[in-house]
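Asks: Top to bottom, those sequences are chains Y and D.
Per our numbering, the very first residue in the first sequence carries number 1; after that it's consecutive.
Per our numbering, the very first residue in the second sequence carries number 1001; after that it's consecutive.
Glycine is no exception: its CB is placed at the ideal position from the N, C-alpha and C atoms.
Here's a structure for you.
There are 2 protein chains.
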Amino acid sequence: MTARRLAGTDLAARIRAEVAERAAARRDAGRPARLVIVTATDDEASAWYVRSIASAAGKAGLDCDVADLGTAATADDISARLAGLSADPAVDGVMLQTPLPPGVVLADVSGAIEPAKDVDGANPVSLGRLAVGLPAYAPATAAAVVALLDEYAVGLAGARAVVVGRSAVVGKPLAHLLLDRDATVTVCHSRTRDLAEVTSTADVLVAAVGRTHLVTPEHVRDGAVVVDVGTNPTADGGLAGDVDPAVAEVAAALTPVPGGVGPVTTALLLKNVVD
Amino acid sequence: MTARRLAGTDLAARIRAEVAERAAARRDAGRPARLVIVTATDDEASAWYVRSIASAAGKAGLDCDVADLGTAATADDISARLAGLSADPAVDGVMLQTPLPPGVVLADVSGAIEPAKDVDGANPVSLGRLAVGLPAYAPATAAAVVALLDEYAVGLAGARAVVVGRSAVVGKPLAHLLLDRDATVTVCHSRTRDLAEVTSTADVLVAAVGRTHLVTPEHVRDGAVVVDVGTNPTADGGLAGDVDPAVAEVAAALTPVPGGVGPVTTALLLKNVVD
């Protein structure tokens, strides 16, 4: 068997078209939609991602500024900038790009992003609201996983979903989104014993650990749907997922990297800005 | 085999003794510790629970007021009172008792409790902070489960933990606490297919659904540790757990109801007030 390829490009294009329409209306009304991305890193992969968001924003007719605070920025510097942007009525969305400078912890500074402008769901308040079912922005990556599963009509109610990775930006919020859709949800991580035994119970398996090809055919039940959130840089400047391509011989469906979750993530981020 | 009985009474007594010592010091300093419990229900089980907290608080030397807003209270009434108590420097802890009047949703009003006084972890902000590892009060019941497991030296790192119940006051925060302790965590609920198959994978099984004796021996793997969070009223005025007593023949250890999680919950709630 060869897995169905769950590409995200068409869905992303549809979301971007909707965003462009709403951004144009905003612009016509004299009030363009504006996203500000705060960075404090010279990480290459991060810079590439920020450029791709800025480019997509530009194409969709959104204003997008990058506020680079430099690698010497302190937690106070970053918090102050995030608070200032949150208070600025000309800014619709504020995103803080990781990695942060050594010693600066995301959760300590992301609270300075006002939840209403927290388009990438970085503020712990957004996560808490999400967990209890209140309106809140989910991290765009987590939301993209669910949007992609919906796009291909993958049933979640009653399904066994296993998420590999417990980060505050993907694994944990995704667990809440999947629970909210009535899946039975398991979260695995680096300390999980016999990972393959656990992941093999999944109807829907999501890999979000950031380790190239960690998930192999032995981890996957015949006929499972596998979502690959990994975007690991390769030696030749490309991207590799967390899922070994050989999984396509076991899974019923698999999202590609690149071209799967990634484009949907960017599109949803822009959608949150115009929302 | 008969399961070891994981009683919570000794642990609760030790916590209460520590609380009493600190409460006495506060009183000597002319600044007694004060808990206010806000209620808006005439539910009998709830009234019983509130009385038991007030009694335990009194014995530990804490001031404890009950602010009964009546069953006609609106969400605005409740939020306003919670905000007022949060702003009152004479109040150390604010707890909102459920059930709430029809149409009032806990998550909509609990945000009015300032996180620093949110001794029962009801504010979604507390849950979000907990999820990302920031200091926050966990709901006392969820914290009590982990404290009881620690009391009996039940290893959590690498263990498979299954939580039955996805409520915002027990299941979800408990999942985060267990993840934080490096367990592999699964959350089940009413829509879970083949519940027994999932729960049978658990090294540590926690029942927190509020349905009398829902968990039977068929749900439990030989040698599992089972924690019963249920406090279901019985016809004769007693309490029944979510776990069928017959589970004691399969499990390695089981918390009793009453006398298991309950007393530890009350003790931790008081500890949060003096913290």
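Would you list, in sequence order, the uninterrupted beta strand (DSSP E) runs of no fewer than 3 residues that lie entirely inside the stretch 152-198 of chain Y?
Replies: For the stretch 152-198 of chain Y, whole beta strand (DSSP E) runs of length 3 or above, ordered along the chain, are 160-164 and 184-188.
Asks: Please return the same chain residues whose Cβ sits closer than 6 Å to the Cβ of D:Pro1139, not counting the five positions on each side in sequence.
Replies: Start at 1 with the first residue of the second sequence, and residue 1139 of chain D comes out as number 139. Answer for D:Pro1139: Asp1120, Gly1121, Val1169 and Pro1173, listed in chain order.
Asks: From the beta carbon of D:Val1261, is the nearest beta carbon of chain Y less than 8 Å away?
Replies: As a position in the second sequence, residue 1261 of chain D is number 261, starting the count at 1. Not an interface residue.
Asks: So the candidates are D:Arg1081, D:Ala1235 and D:Ala1240; which of them puts its Cα closest to the Cα of D:Ala1207?
Replies: To locate residue 1207 of chain D, count along the second sequence from 1; it is residue 207. The shortest Cα separation from D:Ala1207 among D:Arg1081, D:Ala1235 and D:Ala1240 belongs to D:Ala1240.
Asks: What residues in the stretch 1137-1170 of chain D bring their beta carbon closer than 9 Å to a beta carbon of chain C?
Replies: The structure shown has no chain C; the protein chains it does contain are Y and D.
Asks: Using the C-alpha atoms, what's the distance from Y:Thr98 back to Y:Leu106?
Replies: Locating residue 106 of chain Y in the first sequence gives position 106, counting from the first residue. Locating residue 98 of chain Y in the first sequence gives position 98, counting from the first residue. About 8 Å.
Asks: Hey, could you find the ends of the alpha helix (DSSP H) Y:Gly128 is sitting in?
Replies: By one-based count along the first sequence, residue 128 of chain Y stands at place 128. Segment Pro124 to Ala131, the alpha helix (DSSP H) holding Y:Gly128.
Asks: Report the rounded CA-to-CA distance for Y:Ala72 versus Y:Ile78, giving the unit in angstroms.
Replies: As a position in the first sequence, residue 72 of chain Y is number 72, starting the count at 1. As a position in the first sequence, residue 78 of chain Y is number 78, starting the count at 1. Each residue's Cα considered, the two are about 10 Å apart.
Asks: Measuring only the C-alpha atoms, how far is Y:Gly260 from Y:Gly8?
Replies: Indexing the first sequence from 1 puts residue 260 of chain Y at position 260. Indexing the first sequence from 1 puts residue 8 of chain Y at position 8. Approximately 4 Å between the Cα atoms of the pair.
Asks: Count the other CB atoms within 10 Å of the CB of D:Gly1111; is the residue buried (16 or more) or exposed (fewer)?
Replies: Residue numbering aside, residue 1111 of chain D sits at position 111 when the second sequence is read from its first letter. Result: buried.
Asks: Answer with yes or no whether the minimum CB distance from Y:Ser86 to chain D is below 8 Å.
Replies: As a working mapping, residue 86 of chain Y is identified with position 86 in the first sequence. It does not; no Cβ of chain D falls within 8 Å.
Asks: Spell out a yes or no on whether the stretch 1184-1193 of chain D and the stretch 173-191 of chain Y are touching, meaning 3 or more CB-CB pairs, one atom from each, closer than 8 Å.
Replies: Yes, the stretch 1184-1193 of chain D is in contact with the stretch 173-191 of chain Y.
Asks: Apply the 10 Å Cβ neighbour rule to Y:Lys59 and answer buried if 16 or more other Cβ atoms are within range, or exposed otherwise.
Replies: In the first sequence, residue 59 of chain Y corresponds to position 59, counting from 1. Looking at its Cβ environment, which holds fewer than 16 other Cβ atoms inside 10 Å, Y:Lys59 is exposed.
Asks: Cα-Cα, which of D:Gly1230, D:Arg1221 and D:Ala1224 is closest to D:Arg1211?
Replies: Residue mapping note: residue 1211 of chain D aligns to position 211 of the second sequence, counting from 1. The option with the nearest alpha carbon to D:Arg1211 is D:Gly1230.
Asks: Quick one: is Y:Arg166 buried, meaning 16 or more other Cβ sit within 10 Å of its Cβ, or exposed?
Replies: Here the question's residue 166 of chain Y lines up with position 166 in the first sequence. Buried, by the Cβ-count rule.
Asks: Which value, in whole angstroms, describes the spacing of the CA atoms of D:Val1104 and D:Ala1087?
Replies: The residue labelled residue 1104 of chain D in the question sits at position 104 within the second sequence. The residue labelled residue 1087 of chain D in the question sits at position 87 within the second sequence. The alpha-carbon atoms of D:Val1104 and D:Ala1087 are separated by roughly 22 Å.
Asks: Give the DSSP-derived three-state secondary structure of D:Asp1010 in the structure shown.
Replies: The count along the second sequence starts at 1 and reaches residue 1010 of chain D at position 10. DSSP places D:Asp1010 in helix when its eight states are reduced to three.
Asks: Answer with buried or exposed for D:Gly1277, where buried requires no fewer than 16 other C-beta atoms within 10 angstroms of its C-beta.
Replies: No answer is possible for residue 1277 of chain D: it lies beyond the span of chain D, which begins at 1001 and ends at 1275.
Asks: Which residue from D:Asp1028, D:Val1204 and D:Ala1020 puts its Cα closest to that of D:Val1164?
Replies: Along the second sequence, read from residue 1 onward, the residue named residue 1164 of chain D stands at position 164. For D:Val1164, the nearest C-alpha among the options comes from D:Val1204.
Asks: Alpha carbon to alpha carbon, what distance is there between Y:Leu82 and Y:Ala40?
Replies: Sequence index remark: in the first sequence, residue 40 of chain Y carries index 40 (1-based). Sequence index remark: in the first sequence, residue 82 of chain Y carries index 82 (1-based). Looking at the two C-alpha atoms, the distance is approximately 12 Å.
Asks: Does the stretch 267-274 of chain Y come close enough to the stretch 1242-1261 of chain D that 3 or more CB-CB pairs lie under 8 Å?
Replies: Too few Cβ pairs lie closer than 8 Å, so no.
Asks: Cβ of D:Leu1082 versus every heavy atom of the ligand COA: is any distance shorter than 7 Å?
Replies: The model on display carries no ligand, and the ligand COA is accordingly not part of it.
Asks: By the three-class DSSP mapping on this structure, what secondary structure does D:Ile1037 have?
Replies: The sequence position of residue 1037 of chain D within the second sequence is 37, counting from 1. In the structure shown, D:Ile1037 sits in a strand (DSSP, three-state: E or B).
Asks: Bridge partners of D:Leu1205, per DSSP?
Replies: Numbered from 1 along the second sequence, position 205 holds the residue referred to as residue 1205 of chain D. Paired residues: D:Val1162 and D:Val1226.
Asks: Report the neighbours of D:Gly1133 on chain Y: residues whose CB is nearer than 7 Å to its CB, in chain order.
Replies: As a first step, residue 1133 of chain D is located in the second sequence; it is residue number 133 there, counting from the start. Correct list: Ala107.
Asks: Under a three-way DSSP split, which group does Y:Ala144 fall into?
Replies: Locating residue 144 of chain Y in the first sequence gives position 144, counting from the first residue. Y:Ala144 falls in the helix class under three-state DSSP.
Asks: Can you grab the Cα-Cα spacing for the pair Y:Ala20 / Y:Asp275, in whole Å?
Replies: As a first step, residue 20 of chain Y is located in the first sequence; it is residue number 20 there, counting from the start. As a first step, residue 275 of chain Y is located in the first sequence; it is residue number 275 there, counting from the start. The straight-line gap from Cα to Cα measures roughly 12 Å.
Asks: Under 8 Å between beta-carbons, which chain Y residues line up against D:Ser1052? List them in chain order, please.
Replies: As a working mapping, residue 1052 of chain D is identified with position 52 in the second sequence. Those within 8 Å of D:Ser1052 in chain Y number zero; the least Cβ separation is about 26 Å.
Asks: Mapping DSSP to helix, strand and coil, what is Y:Pro233?
Replies: Translated into positions along the first sequence, residue 233 of chain Y becomes position 233. If DSSP states are grouped into helix, strand and coil, Y:Pro233 belongs with the strands.
Asks: In the DSSP assignment, what are the bridge partners of D:Asp1065?
Replies: Within the second sequence, the letter at position 65 stands for residue 1065 of chain D. For D:Asp1065, which the question treats as bridged, DSSP gives the partners D:Val1036.
Asks: Beta-carbon of D:Val1198 versus every beta-carbon of chain Y: anything under 8 Å?
Replies: Reading the second sequence from its first residue, position 198 is the one you call residue 1198 of chain D. Yes, contact with chain Y.
Asks: Based on the DSSP output, what are the partners of Y:Val250 in its beta bridges?
Replies: By 1-based counting over the first sequence, the position of residue 250 of chain Y is 250. Answer is none; Y:Val250 lacks a bridge partner.
Asks: Relative to the C-alpha of D:Ala1147, which candidate in D:Thr1266, D:Asn1232 and D:Ala1080 has its C-alpha closest?
Replies: For this step, residue 1147 of chain D is matched to residue 147 along the second sequence. Ranking the options by Cα distance to D:Ala1147, first place goes to D:Thr1266.
Asks: Please classify Y:Val119: does DSSP put it in a helix, a strand, or coil?
Replies: Locating residue 119 of chain Y in the first sequence gives position 119, counting from the first residue. Three-state DSSP puts Y:Val119 in coil, outside helix and strand.
Asks: Check whether the Cβ atoms of D:Pro1124 and Y:Gly171 sit closer than 8 Å, and answer yes or no.
Replies: Here residue 1124 of chain D is taken as the residue at index 124 of the second sequence, counted from 1. Here residue 171 of chain Y is taken as the residue at index 171 of the first sequence, counted from 1. No, the pair does not count as a contact, with Cβ atoms beyond the cut-off.
Asks: Is D:Leu1239 helix, strand or coil by DSSP?
Replies: Walking along the second sequence from the start, residue 1239 of chain D turns up at place 239. Three-state result, D:Leu1239: strand.
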